[in-house]
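Written below as structure tokens is the structure these notes are about.
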Amino acid sequence: MKNFIFIFFVGLFPAQQSWNLQQCMDYAAANHPLVKQATVNIKKNDHQIAASKGMLLPSVEAGVDHSYSFGSSINQSSNQREVLNTQYDQLKAQANIELFNWRNYVTISLSKLNKETSSYRLKKAQNDVKLNVIQNFFSYQNSKSWLNVLETQISGMEEQIKRTEKEVEIGSRSKSDIYDIKANLGTLEEQWVTAKNQRDLAKINLLNALAVTQDSVDFVMNNESALAEEDFDYSDFTKRLLENNPAYQTVLAEIKAQEKTVNLAASAYFPTLNGSYSWSTFYNKSLNNNASTISFSDQLTQNKNQSVFFGLTIPIFNKLQVKNNVEVAKLNVINSTYDKELIVNNLTQTINSIKAQFLNAQEKYGLLESNFENQKLSFQKSEEKYKEGLMDAYTFFVVRNNWLQANYNLISSKNDVIQQTELLKILKTGL
222 MKNFIFIFFV
232 GLFPAQQSWN
242 LQQCMDYAAA
252 NHPLVKQATV
262 NIKKNDHQIA
272 ASKGMLLPSV
282 EAGVDHSYSF
292 GSSINQSSNQ
302 REVLNTQYDQ
312 LKAQANIELF
322 NWRNYVTISL
332 SKLNKETSSY
342 RLKKAQNDVK
352 LNVIQNFFSY
362 QNSKSWLNVL
372 ETQISGMEEQ
382 IKRTEKEVEI
392 GSRSKSDIYD
402 IKANLGTLEE
412 QWVTAKNQRD
422 LAKINLLNAL
432 AVTQDSVDFV
442 MNNESALAEE
452 DFDYSDFTKR
462 LLENNPAYQT
472 VLAEIKAQEK
482 TVNLAASAYF
492 PTLNGSYSWS
502 TFYNKSLNNN
512 ASTISFSDQL
522 TQNKNQSVFF
532 GLTIPIFNKL
542 QVKNNVEVAK
552 LNVINSTYDK
562 ELIVNNLTQT
572 INSIKAQFLN
582 AQEKYGLLES
592 NFENQKLSFQ
602 KSEEKYKEGL
612 MDAYTFFVVR
622 NNWLQANYNL
632 ISSKNDVIQQ
642 TELLKILKTG
652 L
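Heads up, the sequence shown is in this note's numbering, so the first residue is 222 and it goes up one at a time.
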């Protein structure tokens, strides 16, 4: 079904055969199995709330009994034991209601808290898949960029070999230049094979992050992707992102639910008040040939019976089960507070890491931007020298590769800044 939806989606929008980052996140946030599971859990909680409220309503049942008795039995007319063969029919209806059971009211509150927790878990699942998509998206973009750099280098060297061979024929260059270029070409081709494998693996990981099993779409960067500025100066930056994070909100809701579970276990200490109403009538017929029998309708009228029952149950001693259940529930609350501490530690580390990486990537990009211009000018001058025969092939190869490497470093650094910006957006969006 998942694959069908994906194929149908792509079929409807052929222009979206190439997806940008936002399209990837939108698709994952709506179609990833983790998100779908979280959505189903919310619907389950709705039914659990309805079921817990239903416990306040009475239960009603009706029945019909039809039986035969042969041999010694009680004569319903004389109330004496006789040898009789009889037919017995009974109509009955009964309604039972718990007039007071504190457990029912606590269960309703707990069900509502569980739904609140599930809502936070849904948002957490969406954030988790988005964060994973972002990391794999830029990993794929960087590996693709590196492969493009190597392909450009290899293509340039193949042209350089042809040009150098002609220059060797006319005697303007030594034959050793060809050997140097071919040796470096072999090294680059080996790197190209490795880079191609890394790109393919990066795409597989990205498709997996999207929960897509068919390689029917490519992933591209937005041409208008701009570098954003972030203000980390305000003192509660980490605190605000932490408190707004759905993982943190989820653990807070879980603590409330565990605290309510303590009340649920303690509700067994309280008495319960039950009530019931029953109605019944019967028809009894002797199968002996000489027996006289009152008519069916008359018997049903005469044999009608109604009863009303009230019962109060007071727990006195229950083998220490309730006491131990309450203590276990309290320990679960303590465990939940430790889970909260772990979440706070992990989120604080994540937020601070993204902050540090963003600032580092931003600074690095500024330096690489200047270096790129220098490398570009160096390559242009070296190319002129090489064409004039003032530079050997190996030196020109080094200069050219340095420029291409600087080009890749600049792209990779820019991607890193954008990646950290997108990660921060997810954390700042929160709930």
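Where a beta carbon is used, it is the ideal one built from N, C-alpha and C, also for glycine. These figures come from a predicted structure and were not determined experimentally.
Would residue i pass as a contact of residue j if the rule is Cβ separation under 7 Å?
i	j	result
H253	A432	yes
E475	S557	yes
K365	R324	no
L409	Q374	yes
E643	I355	yes
Y498	A283	no
Y490	I564	no
T482	A550	yes
T502	L521	yes
A423	Y326	no
F579	A627	no
L631	L589	yes
Q311	D286	yes
S339	N266	yes
S528	T307	no
Can you give me the start and stop residues for the alpha helix (DSSP H) that residue i sits inside?
i	result
V529	From DSSP, V529 is part of no alpha helix (DSSP H) but of the beta strand (DSSP E) over 526-534.
T571	542-608
N262	254-275
L463	458-464
L521	517-523
So, helix, strand or coil for residue i, using DSSP?
i	result
A283	strand
A314	strand
A486	helix
S288	strand
F538	coil
T434	coil
S330	helix
R501	It is Ser, not Arg, that sits at residue 501 in the sequence shown. Three-state DSSP puts S501 in a strand.
L278	coil
M222	Per-residue confidence for M222 stands at a pLDDT of 44, beneath the threshold of 50, marking its modelled position as unreliable; the derived number appears in the next sentence. Here M222 sits in coil by DSSP.
L406	helix
T616	helix
I425	helix
I391	coil
L611	coil
K646	helix
T514	coil
Quick check on the burial criterion: 16 or more other C-beta atoms within 10 angstroms. Buried or exposed for residue i?
i	result
L233	Bear in mind that a pLDDT of 47 at L233, under 50, signals an unreliable position, so the model cannot answer this.
P536	exposed
D637	buried
N300	exposed
F225	Only weak support is given to the placement of F225: the predicted model assigns it a pLDDT of 45, under 50, and the value that follows is read from those uncertain coordinates. Answer is exposed; the Cβ neighbour count stays below 16.
S273	buried
F358	buried
V281	exposed
S437	exposed
V370	buried
I425	exposed
T328	buried
A271	exposed
R621	buried
With which residues is residue i paired in a DSSP beta bridge?
i	result
D439	S239
E319	N495
S294	E303
Q640	According to DSSP, Q640 bridges with nothing at all.
Q308	Y289, K506
Comparing the C-beta of residue i with each C-beta of chain C, is any distance below 7 Å?
i	result
W367	Annotation note: the requested chain C is absent from the structure, which comprises a single protein chain.
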